[in-house]
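Single-structure report; data block below.
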């Protein structure tokens, strides 16, 4: 394998993380080290703010973007007798519960009197997250992390607790905030037979290193050939 320096962020192995996920991920990191990569410890200190930052920025963008779907030019149109009724019914029937939740939150954070306190502040924190990665990539070629603190939850299990569902994104949304390329591949299973993913992140325009490491790892393991029991 091409000699790469790979950073492992200590901030991604958090308290409350599923033990099987941590064990499998660290075994995968150890395997990559045996393949010839140089592993170093790094820190991405603003990771803990990634979830609230992302869901403020993303919901604001969703609110703005989805405003066009009012039944006039785009998408679904509900039958109604008046224009106002058509707007209400179109958006009420055409959007699911989660979409409506994000539109409402996004509209709130963009509203007069709250913009500076929420959206503007979230944009500033996004810059700090981006700078964390820029600093890390001065020391290493790639970063490897767990994909999620837990394995998959049951279908519909967290629908009534969206906050817990959002927290599952803690290791992946920093990549989106920093606009970085990333890839996830299987690296093992927990005791229940559910798959665990390894996330590989790289700097801008260095996708070839991500693909190189992912391919080398797949060629030396069998995880990508195994499927969980349904």
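Residue numbers (our numbering): 17 to 246.
Even glycine gets a Cβ: it sits at the ideal position worked out from N, Cα and C.
Following the DSSP letters along the chain, one finds residue 29 in no alpha helix (DSSP H), marked with neither H nor E. For residue 54, DSSP records a beta bridge to 21.
Its chain contains 25, 27 and 148 as the residues whose beta carbon lies nearer than 6 Å to that of residue 60, once the 5 sequence neighbours on both sides are disregarded; these appear in chain order.
Counted as a single uninterrupted DSSP element, the alpha helix (DSSP H) harbouring residue 75 occupies residues 66-82. Taking a contact to require three or more Cβ pairs closer than 8 Å, the region 159-172 and the region 203-216 qualify as touching. Boundaries of the alpha helix (DSSP H) harbouring residue 124: 113-126, taken from the DSSP string.
Residue pairing by DSSP places residue 161 opposite 215 in a beta bridge.
For the pair residue 134 and residue 229, the CB atoms are not nearer than the 7 Å cut-off. Residue environment analysis places residue 156 among the buried positions, since at least 16 neighbouring C-beta atoms fall within 10 angstroms of its C-beta. The beta-bridge partner set that DSSP reports for residue 204 consists of 212.
Residue pairing for residue 199: DSSP places it in a beta bridge opposite 216.
Under the three-state reduction of DSSP output, residue 178 falls in the helix class.
Judged by DSSP in its simplified three-state form, residue 243 adopts coil rather than helix or strand.
If you ignore the 5 residues before and after residue 222, its C-beta comes within less than 6 Å of no other C-beta in its own chain.
The three-state reading of DSSP puts residue 41 in helix, counting H, G and I together.
For residue 122 against residue 75, the beta-carbon gap comes to about 4 Å, under 8 Å, which counts as contact.
Rounded to the nearest whole angstrom, the CA to CA distance from residue 225 to residue 93 is 46 Å. Cα atoms of residue 83 and residue 91: separation of roughly 12 Å, rounded to the nearest angstrom. When the beta-carbon positions are compared, residue 23 and residue 159 come within less than 7 Å of each other. Taken through DSSP and simplified to helix, strand or coil, residue 187 comes out as coil. Counted as a single uninterrupted DSSP element, the stretch harbouring residue 89 is not any alpha helix (DSSP H), since DSSP gives it neither H nor E.
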